[in-house]
DNA sequence: GTCTATACCCGGATAGAC
DNA sequence: GTCTATCCGGGTATAGAC
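Right, dumping it as structure tokens:
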């Protein structure tokens, strides 16, 4: 494992454990047993580290979705599970600015592909499905649902609208 | 206008103009022509100011939804419009911790009422609708949709699934 | 590529005089 | 209820020796 990877792994650990506020150059250096200024020999600035973390997150999410149980319910379940298991990594993708310019091309599309596939290539429905999943996850992570809420029931209710066939008489 | 209200209005202005990072006790004091320590004569700490702002935000959102054009499309449009017009206020409700303990009872439910009404009292579908709206708004605000995306089409596609009747043969 | 030392700026919050 | 002065902590980042 190169030092660069070591830094990123430590950053991931730090983010997971203490959230975005806990990811500082000082703490990061402390975590890998080095002094803060040394980090700048490996990354030009903090934004570069965040960008690298976003790339990792997108890849992880892609893989989780790609290996989901086939079908709408399976995909949704995989989406939610990954987000709940990596709440701060998920937040890094949605709550922080996405450093598109520092991202290798294709990673973003790769994460979206499973959703697009599920809607049969309908881009509008894919985006709506993304919105539904993203919204429910964010509300859950933010603790906006009251204690004891049946969140799975909300998912089922929302996914009902995405069952085929949508337009009557149309069949694939 | 009391000094307390003056502080909150200035805080709202600051938040709208420069985002959460721009809302600091120093800037807030500067905005109303006073020194920072004076603010603590009106609010115990910064969290109290944020809580008051959240209450204002919830009330504003409630009113916007209550005055929406009747029907699913009208409600959705009002939800989106309010969020786009008050992006940082919206973010204060979803991206920051909701200070429920400092919130007057009822304000949170009041904001949710129009959605629940739209789904005919079905709480699960109301939450799903909330998730859809919240997710699409967050994705739009975060700039996650590519340039030129037809966001309204995504909304239409998502709302399709919420058209009645949902369960076949059932009618109100 | 690591270190020490440090610059620089910012944050929230308090003490005590008036 | 306002002020001045200040505490204390924290952040990103750089210079220059080794």
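Chains as they are written, first to last, in my numbering: chain C, 1000 to 1171; chain S, 1000 to 1171.
In this text, a Cβ means the ideal position worked out from N, Cα and C, and glycines have one as well.
By Cβ distance below 7 Å, which residues in the same chain neighbour residue i in space, the five residues on each side in sequence not counted?
{"i": "residue 1046 of chain C", "result": "1098"}
{"i": "residue 1061 of chain C", "result": "1109, 1110"}
{"i": "residue 1003 of chain S", "result": "1041"}
{"i": "residue 1024 of chain S", "result": "1035, 1038, 1045"}
{"i": "residue 1031 of chain S", "result": "1005, 1006, 1009"}
{"i": "residue 1026 of chain S", "result": "1013"}
{"i": "residue 1072 of chain C", "result": "1158"}
In chain order, what residues of the same chain lie with their CB nearer than 8 Å to the CB of residue i, ignoring the 5 residues before and after it?
{"i": "residue 1052 of chain C", "result": "1007, 1010, 1011, 1014, 1088, 1091"}
{"i": "residue 1135 of chain S", "result": "1079, 1150, 1153, 1154, 1157"}
{"i": "residue 964 of chain C", "result": "Only positions 1000 to 1171 of chain C appear in this structure, which leaves residue 964 of chain C out of reach."}
{"i": "residue 1001 of chain C", "result": "none"}
{"i": "residue 1122 of chain C", "result": "1115"}
{"i": "residue 1103 of chain C", "result": "1054"}
{"i": "residue 1033 of chain C", "result": "none"}
For residue i, count neighbouring C-beta atoms within 10 Å of its own C-beta (all shown protein chains included) and say buried if the count is 16 or more, exposed if not.
{"i": "residue 1113 of chain C", "result": "buried"}
{"i": "residue 1142 of chain S", "result": "exposed"}
{"i": "residue 1130 of chain S", "result": "buried"}
{"i": "residue 1169 of chain S", "result": "Note on residue 1169 of chain S: pLDDT 48, under 50, position unreliable in the model; the coordinate value appears next. Classification for residue 1169 of chain S: exposed."}
For residue i versus residue j, is the C-beta distance shorter than 9 Å?
{"i": "residue 1117 of chain S", "j": "residue 1128 of chain S", "result": "yes"}
{"i": "residue 1074 of chain C", "j": "residue 1067 of chain C", "result": "yes"}
{"i": "residue 1119 of chain S", "j": "residue 1163 of chain S", "result": "yes"}
{"i": "residue 1137 of chain S", "j": "residue 1076 of chain S", "result": "no"}
If you compare alpha carbons, which of the options is closest to residue i?
{"i": "residue 1101 of chain C", "options": "C:1030, C:1049, C:1003, C:1163", "result": "C:1049"}
{"i": "residue 1029 of chain S", "options": "S:1147, S:1096, S:1005", "result": "S:1005"}
{"i": "residue 1096 of chain S", "options": "S:1043, S:1145, S:1054", "result": "S:1054"}
{"i": "residue 1132 of chain S", "options": "S:1160, S:1145, S:1147, S:1034", "result": "S:1160"}
{"i": "residue 1148 of chain C", "options": "S:1145, S:1143, S:1124", "result": "S:1124"}
{"i": "residue 1144 of chain S", "options": "C:1143, C:1107, C:1144, C:1141", "result": "C:1107"}
{"i": "residue 1065 of chain C", "options": "C:1016, C:1033, C:1115, C:1126", "result": "C:1115"}
{"i": "residue 944 of chain C", "options": "C:1122, C:1121, C:1063", "result": "Outside the modelled stretch of chain C, which goes from 1000 to 1171, sits residue 944 of chain C, for which no answer is possible."}
Using a Cβ-Cβ cut-off of 6 Å (strictly less than) and excluding sequence neighbours within five positions of residue i, which residues of its own chain qualify?
{"i": "residue 1021 of chain S", "result": "1013"}
{"i": "residue 1018 of chain C", "result": "1087"}
{"i": "residue 1043 of chain S", "result": "none"}
**OP:** For the stretch 1072-1092 of chain C, enumerate the residues whose C-beta is nearer than 7 Å to any C-beta of chain S, in chain order.
**Re:** none
Original post:
In chain order, what residues of the stretch 1110-1128 of chain C put their CB closer than 9 Å to some CB of chain S?
Top reply: 1118, 1121, 1122, 1123, 1124, 1125, 1126, 1127, 1128
Original post:
Using a Cβ cut-off of 8 Å, which residues of the stretch 1030-1054 of chain C contact any Cβ in chain S, in chain order?
Top reply: none
Original post:
Mind listing which residues of the stretch 1056-1068 of chain S have their C-beta closer than 9 Å to chain C's C-betas, in chain order?
Top reply: none
Original post:
Which residues, in chain order, does the stretch 1001-1026 of chain C contribute to contact with chain S at a C-beta distance below 7 Å?
Top reply: none
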